[in-house]
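For the protein sequence lines, the chains are A and B, in the order given. Each residue of the first sequence is one higher than the one before, starting from 1132 at the first, in this note's numbering. Each residue of the second sequence is one higher than the one before, starting from 439 at the first, in this note's numbering. Shown next, in structure tokens, is the structure this report addresses.
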Amino acid sequence: MPTAEYFAPTELRDALRLLAERGNQITILAGGTDLVPQFNCRELRPHALLYIGKLGLNYIIAKNGGLAVGSATSLEEIATNRLVFERAPVLAQAAAEMGNPTIRNVATIGGNLATASRAADMPPPLLALDAELSLVSERGERVIPIGEFFKRAHKTVRLADELLTEIRIPSVKGQTAFVRHGRRKVFSCCVASVAVRVVMDGGKCADARIVAGSMASTPVRCLGAEGILQGKHLTSELAVEAAAQAVGECKPIDDDRATAWYRRRVIKVLIERAINRASDL
Amino acid sequence: MATNTIDSSSGYRVIGTRPIRPDGVDKVTGRAKYGADYALPGMLHGKVLRSPHAHARIKAIRFERALKLPGVKAVVTGKDLPEGENKSVPLGEMSVNPRYLGHNILARDKALYQGHAVAAVAAVGLHIAEQALELIEVEYELLPPVMTVDEAMANSAPILDPELRNEEQGDEPTNIAKHAQLKRGETEAGFKSAQIVVEREFRTAMVHQGYIEPHNALATYGSDGRATIYCSTQGPFEVRGMSAAVLGVPVGSIKVVPAEIGGGFGGKTTVYLEPLALLLAMKTGRPVKMVMTRAEVLRASGPTSGSHIKVKMGCARDGKITAAGVWLAYEAGAFPGSPVAAAAMTVLAPYAIPNVLIDAYDVVVNRPKTAAYRAPGATNAAFAAETVIDELAERCGIDPLEMRILNGAREGTPHPAGPPYRRIGFIETCEAIKNSPHYSSELNGANRGRGVASGFWFNAGMQSAAMVNIHADGTASVVTGSPDIGGSRASCAMIAAEVLGLEAEEVRPVVTDTDAIGHTDVTGGSRVTFATGMAVFQAAEDAMRQLKERAAKLWECKPEEVEFRAGKFFAKGNPGAPITIKELAKRLPRTGGPVSGRATVNARGVGPAFATTCIDVEVDLDTGKVEILRCTVAQDAGRAIHPAYVEGQMQGGTAQGIGWALNEEYVYDAQGRMLNAGLLDYRMPTCPDLPMIETIIVEVPNPGHPLGVRGVGEVSIVPPPAAVANAIYRAVGVRLTELPMSPPRVLKAILTHSGQPSSVPAAAQVS
């Protein structure tokens, strides 16, 4: 069994150089909460590890009325940071409910996205907030909407020479809610999760985001359901209608954690509850 | 929170108090040495190659390439173990079949479950050992896996062991290792005289004890043929006996040193790695250390049985139960030996029922060989019986606790499988719940319900030895061979302190190795504070007798003239002032040398344990999720030596019972591969999932013990699944008959019950 090479650069340019030269062979390591168990169980045998925890990518700063979050920022920091609390409370809540304290202390927001796990907790709130991702390489930076990032389970549009360096959350209006359903209160993978944002204008819903997580291979934005809310007074009946529409958009899967049947039942309830919570019904 | 219903106005000075536990500081500061902490110079690391298949013939094992890998010192397979005798030999709490035990340690011609050990390697480094496993080629012929008792009992079922026979089927190959029957009275007549009869069918999933510390062993073997095994175990003497049996070496050639133990709950009463580590040490002449991963623990240690149970019970309109029929089929795992016999003897044990017929089937399936788990067999069966009793109570319009009190076993009631009970405290546990603040409180709110259930466990006696040594400063040590998994060091120290007139902190409890103390059976069956405690009590009395002799020598009087009161020795009419044990200790060298009390027991007079549990739940009608709102358990401890650790046992068992009720299960795919072999998806409850579990210690002293002690370690796990099911019924009107009562299963039951069966998929796949 060949021993893996290990790199822990302190300069971003060194990391990018390495990715430019050998990106295809490199496994990027941040908190390691997903990768290390795979190493230990021999499910993954990395040739080379690039640790990105020393690149200065651990930050949360105010930017253009929104936030810029370094990809190596831990979920515990996101869960407890005052800026996140003020500008993206739905993200703070999702981070606070993820895993358990020991996992949150090391797991990073970038890792939670780049792993592209179906059960990830960060994508639904970030989609609801219209977040953008910065992918940097020696070729330069490209910024993409998070909705374009996930291709399928464990596969994103990140190219081999690119590094996810920053998550940008614009200044967005509206009230938000995040609801997850796991089999335990803590330390439990999502069976289903929902992030909702509704923008109210003159008592009517001017804009909405409804994002379902852990349902299909990627997070699903339920455009049809959002359309149902658009321009209407929000009532619990309307929430039921939107939720029913959303279920059809989700295309849930069967896996070891739940059947598609159960996911369909649960996601409908979660969407209703999230809409009601976001709109204070 | 905790109340003693019978005040121990017993005059005890130490017993019944709550001193700090003697092993506490070591554990919270990291100084306690657990099995995996041991290391020796020149030590090799061992790893096990495990079958990826649930059922396969092993046609060939080729390990030459592994042996050639630099750093690899030995590879062993089933051929390196002698073939054990195919018969039951008594060993500790249970009897052991050496052949099955050996075949479980290393598979012979067949792999019988995913994770079954096929070969083992010792190498100079852990990673080299792991790498060597990948160089071993095993040729398998795949066979169809048999995963449930229903599949295994079917006529055309694939057979796991072609040599397995049972008495009823003659020479016909079978997966049914044993059918046992318990019978009293005439059930047919009993059901005829019943006005209400309820008949229900239940299924429960295989579950694991979930101890946090994985199995481990470090073995050395000397050129003199003497071996030492360091390991985490509930039974060092069982490890010695079983390892000797599996390896064909004399029992006396092995010394077992029990490490500090990170949980057992019954799962550490047998061997997995211990004989393997020793076998590798014998081959290499070097110490060999082996530690399981969590996935290995879940796949290849000993969980407890999933089961299929049918219960029929009839009662008169006034609630008096007239007859009960119970049919039990338990998964034994890959080899015979499920706890179904215990299930049969416990299932109706809390009740006086005149007509009883119980059928019990021990069935082999392609799952890991089951091991003991806290009141083994009783919880599955109580889930079924206690649910049916709840239904009878409801049909009769009787409060479920009154139903239990009406039918409850008392002193003189014949136990279904044995002589009449001596003084027991079952009714008292029901009364304690009835009078509790919890049961008296109102439960308001939608979809909320309150359920109760009761449980029985035999408790065990068996062999124990103890020594009590008086130190030069008048303090003492208590030496036993009982590994401490639940606070028993504290109770042993307190018992000795009580007798010797010392403070609990002045007695140091020591758990020693198998060469340093008389044979002591497993820490299991809730027996340590009862039986080892009895030995400690007698050893302390022996020390006290010797101390009185020394005082008599000093005072030149007869030993029987010496009295011990309030920490001081007196002698009638003696001119010398009374002296304390501390003063006397200083004089021991000149009065005959050290004082060391000894006692050994094969303890009789076991007092059975009963518990009654009350649980409030709230059911989420949309997701099927069940929230435990409040939980109170009342349990008869006989006498609580250290009430805090009795409460700890009651809370721990209840927590495990709730996990069993709601979420825990082995999930397998169609090929018999376990899908949730990790603690993320094998979901034990976490602290936030449970309320603070309220405890009521009931003390109905056991007449068979000098201090009234009953075992307290196990029975609290028995009632919770039924109590939760009964609470769910009161909340939403649906009776759940399968464990775990997971959200999808509860949701399906609610939808089916509310006339929306079309929205429920036909396939019962639930996870």
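For every residue, glycine included, the Cβ atom is placed at its ideal position computed from N, Cα and C. This structure is a prediction, so every number in the text was calculated from the model and none was measured.
Residue-chain proximity (residue i, chain B), Cβ-Cβ < 7 Å
{"i": "A:Tyr1190", "result": "no"}
{"i": "A:Lys1316", "result": "yes"}
{"i": "A:Val1496", "result": "One cannot answer for residue 1496 of chain A here, as it falls past the ends of chain A, which runs 1132 to 1412."}
{"i": "A:Val1237", "result": "no"}
{"i": "A:His1178", "result": "no"}
{"i": "A:His1312", "result": "yes"}
{"i": "A:Val1400", "result": "yes"}
Test item: CB-CB of residue i and residue j under 7 Å
{"i": "B:Arg1077", "j": "B:Glu1152", "result": "no"}
{"i": "A:Ala1161", "j": "A:Gly1230", "result": "no"}
{"i": "B:Gly839", "j": "B:Cys753", "result": "The sequence as given places Leu at residue 839 of chain B; Gly does not occur at that position. Against a cut-off of 7 Å, the Cβ pair of B:Cys753 and B:Leu839 comes out as no contact."}
{"i": "B:Gly679", "j": "B:Val689", "result": "yes"}
{"i": "B:Thr958", "j": "B:Ser902", "result": "yes"}
{"i": "A:Ile1359", "j": "A:Ala1337", "result": "no"}
{"i": "B:Pro388", "j": "B:Phe1008", "result": "Any property of residue 388 of chain B remains undetermined from this structure, which presents chain B solely from 439 to 1205."}
{"i": "B:Pro1141", "j": "B:Ala1099", "result": "no"}
Residue i versus residue j: straight-line alpha-carbon distance, rounded
{"i": "B:Pro600", "j": "B:Tyr877", "result": "54 Å"}
{"i": "B:Met1122", "j": "A:Val1317", "result": "11 Å"}
{"i": "B:Gly1193", "j": "B:Ala1187", "result": "10 Å"}
{"i": "B:Val556", "j": "B:Ala954", "result": "35 Å"}
{"i": "B:Val785", "j": "B:Ile827", "result": "12 Å"}
{"i": "B:Thr867", "j": "B:Tyr811", "result": "23 Å"}
{"i": "A:Gly1187", "j": "A:Thr1390", "result": "41 Å"}
{"i": "B:Lys465", "j": "B:Gly700", "result": "10 Å"}
{"i": "B:Leu1059", "j": "A:Ser1248", "result": "29 Å"}
{"i": "B:Gly648", "j": "A:Gly1334", "result": "53 Å"}
{"i": "B:Glu1132", "j": "B:Ile453", "result": "22 Å"}
{"i": "A:Met1253", "j": "A:Ser1345", "result": "11 Å"}
{"i": "B:Asn1164", "j": "B:Ile791", "result": "22 Å"}
{"i": "B:Gly850", "j": "B:Lys621", "result": "19 Å"}
Three-state secondary structure (DSSP) of residue i
{"i": "A:Met1229", "result": "coil"}
{"i": "B:Leu656", "result": "strand"}
{"i": "B:Leu1022", "result": "helix"}
{"i": "B:Ser410", "result": "Past the edges of chain B, shown from 439 to 1205, lies residue 410 of chain B, and the structure says nothing about it."}
{"i": "A:Arg1270", "result": "coil"}
{"i": "B:Tyr538", "result": "helix"}
{"i": "B:Ile453", "result": "coil"}
{"i": "A:Cys1381", "result": "helix"}
{"i": "B:Pro838", "result": "helix"}
{"i": "B:Asp1074", "result": "strand"}
{"i": "B:Ile1096", "result": "helix"}
{"i": "A:Arg1198", "result": "It should be noted that the sequence gives Leu, not Arg, for residue 1198 of chain A. Three-state result, A:Leu1198: strand."}
{"i": "B:Asp588", "result": "helix"}
{"i": "B:Ala1108", "result": "coil"}
{"i": "B:Thr1192", "result": "Reading the sequence as shown, one finds Ser at residue 1192 of chain B and not Thr. It is coil, neither helix nor strand."}
{"i": "B:Lys1010", "result": "coil"}
Any C-beta of chain A under 7 Å from that of residue i
{"i": "B:Asp797", "result": "no"}
{"i": "B:Arg1121", "result": "yes"}
{"i": "B:Pro1182", "result": "yes"}
{"i": "B:Asp1054", "result": "no"}
{"i": "B:Asp1127", "result": "yes"}
{"i": "B:Thr443", "result": "Annotation note: pLDDT 33 at B:Thr443 (below 50); position unreliable, no value reported."}
{"i": "B:Ala1202", "result": "Residue placement at B:Ala1202 is poorly supported in this model, since its pLDDT is 45, which falls under 50; the coordinates are not used for a value here."}
{"i": "B:Ala440", "result": "Residue confidence for B:Ala440 is low, a pLDDT of 37 falling below 50, so the modelled location carries little weight; the figure read from the coordinates is stated next. So, not an interface residue."}
{"i": "B:Thr1124", "result": "yes"}
Short-range partners of chain A found in the segment 1057-1091 of chain B, where Cβ spacing is below 7 Å: Residues Asp1060 and Thr1061.
Residues in the segment 1370-1398 of chain A having any Cβ partner in chain B nearer than 7 Å: For the segment 1370-1398 of chain A, which is checked against every Cβ of chain B, the residues closer than 7 Å are Asp1387, Arg1388, Ala1389, Thr1390, Trp1392, Tyr1393, Arg1396 and Val1397.
The segment 1098-1115 of chain B: positions lying closer than 8 Å to chain A by Cβ: Of all residues in the segment 1098-1115 of chain B, only Asn1101, Val1105, Leu1113 and Asn1114 come within less than 8 Å of chain A when Cβ atoms are compared, listed by chain position.
Against chain A: residues of the segment 730-758 of chain B by CB proximity under 8 Å: Taking 8 Å as the Cβ-Cβ cut-off, the segment 730-758 of chain B approaches chain A at Thr731 and Ala733, given in chain order.
Chain A contacts made by the segment 1159-1190 of chain B, where a contact means CB separation under 9 Å: Within the segment 1159-1190 of chain B, the qualifying residues are Ser1180, Pro1181, Pro1182, Leu1185, Lys1186 and Leu1189.
Residues, ordered as in the chain, of the segment 1154-1185 of chain A that lie near chain B by beta-carbon distance below 9 Å: The residues in question are Pro1168, Asn1171, Cys1172 and Arg1173.
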